[in-house]
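S.K.:
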Amino acid sequence: MIGETLHLNRLVKRYDETLAVDDLNLTVNAGEFVSVLGPSGSGKTSILSMVAGFERPSSGEILIGSRNVTQLAPNDRDIGMVFQKYALFPHLTVRQNIAFPLKLKKRWKERWRSRADEMLELVQLASFADRLPAQLSGGQQQRVAVARALAFEPPLMLMDEPLGALDKKLREAMQIEIKRIQQSVGATILYVTHDQEEALTMSDRVAIMKSGRVVQIGTPVELYRAPKSMFVADFVGRMNFLEGDRLFTKEGGQQIRLSENTVLTMLADCGIQTDSSGEEERVTIALRPELIGIEARKERKPNRIPGVVEHSIFMGPHNVLIVRLSLPGRPAVEAQIPHFSSVEPFESGQEVDVIIEPTTLTCFSASERCAA
Ligand code: ADP
Ligand code: MG
Numbered sequence: 023m024i025g026e027t028l029h030l031n032r033l034v035k036r037y038d039e040t041l042a043v044d045d046l047n048l049t050v051n052a053g054e055f056v057s058v059l060g061p062s063g064s065g066k067t068s069i070l071s072m073v074a075g076f077e078r079p080s081s082g083e084i085l086i087g088s089r090n091v092t093q094l095a096p097n098d099r100d101i102g103m104v105f106q107k108y109a110l111f112p113h114l115t116v117r118q119n120i121a122f123p124l125k126l127k128k129r130w131k132e133r134w135r136s137r138a139d140e141m142l143e144l145v146q147l148a149s150f151a152d153r154l155p156a157q158l159s160g161g162q163q164q165r166v167a168v169a170r171a172l173a174f175e176p177p178l179m180l181m182d183e184p185l186g187a188l189d190k191k192l193r194e195a196m197q198i199e200i201k202r203i204q205q206s207v208g209a210t211i212l213y214v215t216h217d218q219e220e221a222l223t224m225s226d227r228v229a230i231m232k233s234g235r236v237v238q239i240g241t242p243v244e245l246y247r248a249p250k251s252m253f254v255a256d257f258v259g260r261m262n263f264l265e266g267d268r269l270f271t272k273e274g275g276q277q278i279r280l281s282e283n284t285v286l287t288m289l290a291d292c293g294i295q296t297d298s299s300g301e302e303e304r305v306t307i308a309l310r311p312e313l314i315g316i317e318a319r320k321e322r323k324p325n326r327i328p329g330v331v332e333h334s335i336f337m338g339p340h341n342v343l344i345v346r347l348s349l350p351g352r353p354a355v356e357a358q359i360p361h362f363s364s365v366e367p368f369e370s371g372q373e374v375d376v377i378i379e380p381t382t383l384t385c386f387s388a389s390e391r392c393a394a
């Protein structure tokens with residue numbers, strides 16, 4: 023089975039006053055896993071509901087392969103779905119639920135029973151085959167829903183927060199399972215989540231939504247390393263933000279001044295537009311916790327900001343340090359420090375330097391990305 027391409031062309035969804043989806047263009051390539059990631063209310067479920075056929079678009083088109091399905095009923099679209107509200111059939115057993123779509127497909131009709139059992143094994147519910155959905159936990163019901171949607175190897179799968187109710191261990195196991203099945207059948211998946219870690223680990227590309235629009239789409243690495251706005255920088259991974267004034271030195275370099283005598287130097291070739299050259303400008307710099315260095319306090323130097331450790335939190339593979347900067351009115355920064363047996367751990371109250379290498383900061387001006 024080969025997945026089909028999904029094209030969304032200028033898709034709009036209005037509910038009375040609310041513009042839930044605002045002129046959306048999105049292509050999911052055949053066999054690609056694309057996640058839609060965004061805060062609650064940003065329009066994620068509305069997109070999936072339109073692709074599924076549960077909601078009519080206010081305008082725009084939906085194509086699966088070369089078929090324009092915009093006006094088709096849900097059953098005629100040949101889509102596998104796991105939706106928050108697309109419940110199991112309460113009067114059918116677990117096995118019958120999984121078998122239901124199989125019995126409707128020519129390809130599976132003859133061997134629905136063995137296929138349903140295969141899927142039950144996959145989601146580790148073989149011993150629950152004869153139970154009714156009401157006799158399962160919420161998490162078990164979700165696994166049945168995933169199994170039912172994947173069973174007939176649909177060319178397009180829609181999943182709306184399918185793992186939301188599962189505990190961490192099972193959720194991670196199911197993430198790997200969904201990915202494995204998707205890759206083995208080559209299915210196209212449009213996946214909705216508000217969990218950025220889930221989106222980053224599972225997806226070929228991630229579309230970040232804000233107020234009905236895609237604000238950035240890219241591979242997980244692109245989004246993590248090169249966010250184009252503060253919204254994306256903040257939403258994907260953990261990030262520290264610090265405001266400062268950007269200055270241009272006589273030598274053609276750049277600096278961010280955080281206070282009278284605290285200055286960060288930046289790389290000269292960081293892609294800043296030349297038309298702002300010479301102008302001092304208020305900017306926000308963004309720093310990943312794992313790219314910040316912490317050392318015991320030394321003499322003052324550029325790119326070292328003095329601070330005091332407020333908290334040191336053991337996280338297993340690393341420690342998280344919350345460091346109060348010795349700058350008036352600044353938020354504390356979060357740094358992630360890996361464990362090395364040779365280094366004494368930092369303790370709360372300890373005086374340290376926060377070290378910010380010029381290559382590690384991203385700078386935003388009026389929410390536009392201005393440097394890498
Ligand atoms: P998400 O899935 O990202 O949380 P939704 O697509 O569910 O977002 O909702 C997007 C916006 O549309 C929200 O403001 C929500 O209140 C509104 N909305 C969603 N469904 C309906 C509906 N059936 N009627 C009216 N407004 C709706
Ligand atoms: Mg939703």
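Our numbering numbers the first residue of the sequence shown as 23 and each following residue consecutively.
Note that beta-carbon positions come from the ideal geometry of N, C-alpha and C, so glycine has one too.
Can you grab the Cα-Cα spacing for the pair residue 153 / residue 131, in whole Å?
M.R.: In the sequence shown, the residue the question calls residue 153 occupies position 131. In the sequence shown, the residue the question calls residue 131 occupies position 109. Distance between the alpha carbons of residue 153 and residue 131: 22 angstroms.
S.K.: When we look at the beta-carbon of residue 145 and count the other beta-carbons within 10 Å, is it buried (16 or more) or exposed?
M.R.: In the sequence shown, the residue the question calls residue 145 occupies position 123. Buried is the call here.
S.K.: Judging by CA-CA distance, which residue of 207, 339, 56 and 27 is the nearest neighbour of residue 312?
M.R.: Translated into positions along the sequence shown, residue 312 becomes position 290. Ranking 207, 339, 56 and 27 by Cα distance to residue 312 puts 339 first.
S.K.: Between residue 294 and residue 387, what straight-line distance do the alpha-carbon atoms span, to the nearest angstrom?
M.R.: Residue numbering aside, residue 294 sits at position 272 when the sequence shown is read from its first letter. Residue numbering aside, residue 387 sits at position 365 when the sequence shown is read from its first letter. Low per-residue confidence applies at residue 294: pLDDT is 44, beneath 50, and the placement is therefore not dependable enough to give any value.
S.K.: Do residue 56 and residue 235 have their beta-carbon atoms positioned less than 7 angstroms apart in this structure?
M.R.: Translated into the one-based positions of the sequence shown, residue 235 becomes position 213. Translated into the one-based positions of the sequence shown, residue 56 becomes position 34. The answer is no: Cβ separation not under 7 angstroms.
S.K.: Report the three-state DSSP secondary structure of residue 375 (helix, strand or coil).
M.R.: For the purposes of this step, residue 375 is identified with residue 353 of the sequence shown, where counting begins at 1. It is a strand residue.
S.K.: Where do the ends of the beta strand (DSSP E) carrying residue 256 lie?
M.R.: Within the sequence shown, the letter at position 234 stands for residue 256. Note, residue 256: premise wrong, no beta strand (DSSP E); alpha helix (DSSP H) at 252 to 257.
S.K.: With H, G and I counted as helix, E and B as strand and the rest as coil, what does DSSP make of residue 380?
M.R.: In the sequence shown, the residue the question calls residue 380 occupies position 358. Reduced to three states, the DSSP call for residue 380 is helix.
S.K.: Count the CB pairs spanning the stretch 256 to 276 and the stretch 92 to 110 that are closer than 8 angstroms, and state whether there are at least three.
M.R.: The stretch 256 to 276, when compared against the stretch 92 to 110, does not touch it at the 8 angstroms Cβ threshold.
S.K.: By DSSP, does residue 292 sit in helix, in strand, or in coil?
M.R.: The sequence position of residue 292 within the sequence shown is 270, counting from 1. Any reading at residue 292 needs caution, since the residue's pLDDT is 48, under 50, leaving its predicted position unreliable; the model's value is listed next. If DSSP states are grouped into helix, strand and coil, residue 292 belongs with coil.
S.K.: Between residue 229 and ligand 1, is the CB less than 6 angstroms from at least one heavy atom?
M.R.: Here residue 229 refers to the residue found at position 207 when the sequence shown is read from its first residue. Residue 229: no, Cβ never under 6 angstroms from ligand 1.
S.K.: According to DSSP, is residue 143 part of a helix, a strand, or is it coil?
M.R.: One-based indexing of the sequence shown puts residue 143 at position 121. Helix, per DSSP.
S.K.: Answer yes if the stretch 210 to 220 comes into contact with the stretch 60 to 79, meaning at least three C-beta pairs across the two stretches below 8 angstroms, and no otherwise.
M.R.: Yes, the stretch 60 to 79 is in contact with the stretch 210 to 220.
S.K.: Output needed for residue 105: all residues of its chain with C-beta closer than 6 angstroms, excluding positions within five of it in sequence on either side, in chain order.
M.R.: On the sequence shown, residue 105 is found 83 positions in, with the first residue counted as 1. Closer than 6 angstroms at the Cβ level, and outside the excluded window around residue 105, lie 182.
S.K.: Using only alpha-carbon positions, find the residue among 270, 125, 41 and 27 that is nearest to residue 85.
M.R.: Translated into positions along the sequence shown, residue 85 becomes position 63. Among 270, 125, 41 and 27, the Cα nearest to that of residue 85 belongs to 27.
S.K.: Could you check what DSSP says for residue 120 in three-state terms: helix, strand or coil?
M.R.: For the purposes of this step, residue 120 is taken as residue 98 along the sequence shown, with counting starting at 1. Correct three-state label for residue 120: helix.
S.K.: Please report the residue range of the beta strand (DSSP E) in which residue 81 lies.
M.R.: Taking the first residue of the sequence shown as position 1, residue 81 is located at position 59. Note, residue 81: beta strand (DSSP E), 81 to 86.
S.K.: Which same chain residues, not among the five before or five after residue 308, have their C-beta less than 6 angstroms away from its C-beta?
M.R.: Along the sequence shown, read from residue 1 onward, the residue named residue 308 stands at position 286. Only 255, 261, 263 and 384 meet the Cβ criterion.
S.K.: Please go through the same chain and pick out, in chain order, the residues whose beta-carbon is closer than 7 angstroms to the beta-carbon of residue 80, but skip the five residues on each side of it.
M.R.: Within the sequence shown, numbered from 1, the residue matching residue 80 stands at position 58. Closer than 7 angstroms at the Cβ level, and outside the excluded window around residue 80, lie 34, 35 and 36.
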